[in-house]
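Numbering (the working numbering), first residue to last: 91 to 209. Virtual Cβ for every residue (Gly too), placed ideally from N, Cα, C. Predicted model, so just to flag it, every value in this text is computed and none were measured.
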């Protein structure tokens, strides 16, 4: 699992470390402090390039419109989650492929998508 955030990468790593979440991510991609790579699309492209992940087997999970727009721009399916800052209306307006209300819904969606990809 990789993290792709528009937050500065250095701060994203600090936040993950602080909350003891770093071990769950094999790669962290974020914005640069000098202003480069601060758009979600640029961050996602960077993450895909650095990890060698296959975009057709990648999924952008996020809570705001720019997560969905960025995911679609690089060819990913997207999951909008309602337990963040965005609303259902916001995520529907940018055509999130899936919308999950809770972590349980996300888990169910991810398991179903994983089964689809294996067949």
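Supposed close pair residue i, residue j - CB separation, criterion 8 Å
i	j	result
residue 151	residue 181	So it is not a contact: roughly 11 Å between Cβ atoms.
residue 163	residue 184	At roughly 11 Å, the Cβ-Cβ gap does not stay under 8 Å, so residue 163 and residue 184 are not in contact.
Extent of the continuous alpha helix (DSSP H) run through residue i
i	result
residue 136	130-141
residue 159	155-163
Span of the beta strand (DSSP E) around residue i
i	result
residue 117	117-121
residue 94	92-98
Proximity below 8 Å, CB of residue i to CB of residue j
i	j	result
residue 186	residue 158	yes
residue 174	residue 189	no
Residues bridged to residue i [DSSP beta-bridge criterion]
i	result
residue 189	170
residue 152	170
Backbone CA spacing between residue i and residue j [nearest angstrom]
i	j	result
residue 192	residue 172	7 Å
residue 98	residue 126	10 Å
residue 166	residue 140	16 Å
residue 202	residue 124	40 Å
residue 149	residue 93	11 Å
residue 100	residue 138	19 Å
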